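Peer 1: One structure follows; several queries about it will come next.
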Amino acid sequence: MSPGHGPEAPQGHRCGASPSHGPGASRGHGSPGPQDHGTGLSQGCATCLPHDHGPAIPPGDGPPPWPGTPLPGGGTVLPPGGSALSPPGDGSGLRPGSDPAAALAPGRTPGPEASADAPGPPLYALLENALAIEHAYAIASAHPSLRGVSIGEADLRADLGVRRDAGLDWCRARVVVAARAAGLAPPAQSVHPDIRDLEGLAASCARGRALGFLGRAAIHPRQLPIIERAYLPTDRELEEAETIIKAATTDRGAQALSDGRFIDAAVVAAARRTLALARRY
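In structure tokens form, the structure reads like this:
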């Protein structure tokens, strides 16, 4: 159930990493660049991708990614429809060779409704180093066209010198909070790089879901069923959500179920999200 904007492309086919485009291009896990005072972001903080940048592919397969265009704040945007496998598509609103960054003036997202109606291609930012994590909310709220943020964990791990997976949990939680504070959808988890380790993938997805992530990028088809099972509600969760909705006659005040469990408006809202997610997929 990857939501269509993978947090991280496989190494060797990293969408959006385009050092050849000058100082505005994403620097991966290199040293952060100077701050862009027009946007409040720093060069080298993040990489911006269009909503659908094509399928993830295993390292070593296919041609190199199509070159991106530097954003004013230092990220990189790819033409919609372009991927590591195919050139930019027609009818996307941006012609190959055009400058999509020219249309992105600095701005703030007043709320999720405005973000959904923003003109131009929807963008997603990859946070790939310590500076990007420090500026997670500023990046998440930098422009109405930005629809989501995710972590590029391979670069972030190298930048921080983290050796154990749990060492990134604080960064993950911070990005989840930043996305919510900016009115964006919950971020998707970064890829699980070992395509044979399905048990490890399932355990990692469970931890990600507990932290507030929703969905995950995949680099191999065999990972997709594991991700779907991890992020879609279980039968028990659906039953509990339906029980809460039936018991709740109002979203105001507090109530208790027959088994003594306390429910209030926040619990009811969570139950509705669970049912909505099940209906959607």
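Using our numbering, the letters of the sequence shown correspond one by one to residues 4 to 284. Each residue gets a CB set at the ideal place from its N, CA and C atoms; glycine is no exception. In this text the structure is predicted, and so the values were computed from the model without any measurement.
#1: Output yes or no for whether 8 Å exceeds the beta carbon distance between Arg199 and Gly211.
#2: Could you pull out every residue in the same chain whose Cβ sits closer than 7 Å to the Cβ of Tyr204, ignoring the five residues on either side in sequence?
#3: So for Val271, helix, strand or coil by DSSP?
#4: Can you tell me whether DSSP reads Arg150 as helix, strand or coil?
#5: Between which two residues does the beta strand (DSSP E) carrying Ala220 extend?
#6: With 16 other CB atoms within 10 Å as the buried threshold, where does Pro147 fall?
#7: Opposite Tyr284 in the DSSP bridges: which residues?
#8: Mapping the DSSP letters down to three states, classify Ile266 as helix, strand or coil.
#9: Are at least three pairs of beta-carbons, each pair with one atom in the region 233-240 and one in the region 257-265, less than 8 Å apart?
#10: Between the alpha carbons of Ala285 and Val152, how many angstroms are there, rounded?
#11: Tell me whether Ala143 sits in a helix, a strand or coil according to DSSP, three-state version.
#12: For Leu214 versus Val179, is the C-beta distance shorter than 8 Å?
#13: Report the three-state DSSP secondary structure of Ala169 (helix, strand or coil).
#14: Can you tell me the Cα-Cα spacing of Ile142 and Ile247, whole angstroms?
#15: Output the distance between the C-alpha atoms of Arg166 and Ser144, rounded to the nearest integer angstrom.
#16: Below 6 Å CB to CB, which residues in the same chain sit around Ala244 once its five sequence neighbours on both sides are set aside?
#17: So is Val165 in contact with chain D if we call contact Cβ pairs under 8 Å?
#18: Am I right that Phe216 and Ala191 are in contact with their C-beta atoms under 8 Å? What's the rounded C-beta distance?
#19: Considering Cα atoms alone, identify which of Pro125, Ala169, Ala209, Pro224 is closest to Ala233.
Peer 2: Looking at the coordinates:
#1: Their beta carbons are not under 8 Å apart, which means Arg199 does not touch Gly211 by this criterion.
#2: It should be noted that the sequence gives Leu, not Tyr, for residue 204. Excluding sequence neighbours, Leu204 sits near His195, Gln226, Ile229.
#3: Val271: helix per DSSP, three-state reduction.
#4: DSSP places Arg150 within a strand segment (E or B) once states are collapsed to three.
#5: Bounds of any beta strand (DSSP E) do not take in Ala220, whose DSSP letter is neither H nor E.
#6: Under this definition Pro147 is a buried residue.
#7: Answer is none; Tyr284 lacks a bridge partner.
#8: Looking at Ile266 - three-state DSSP - the assignment turns out to be strand.
#9: Segments in contact, no.
#10: This structure cannot speak to residue 285, because the chain is shown only from 4 to 284.
#11: Looking at Ala143 - three-state DSSP - the assignment turns out to be helix.
#12: Yes.
#13: Three-state result, Ala169: helix.
#14: Cα to Cα, Ile142 sits roughly 36 Å from Ile247.
#15: So the two alpha carbons sit approximately 30 Å from each other.
#16: These residues qualify, in order along the chain: Ala274, Thr277, Leu278.
#17: As a matter of chain content, chain D is missing from the structure shown, which is built from one protein chain.
#18: Right, their Cβ atoms sit about 6 Å apart.
#19: When each option's Cα is compared against that of Ala233, the closest is Ala209.
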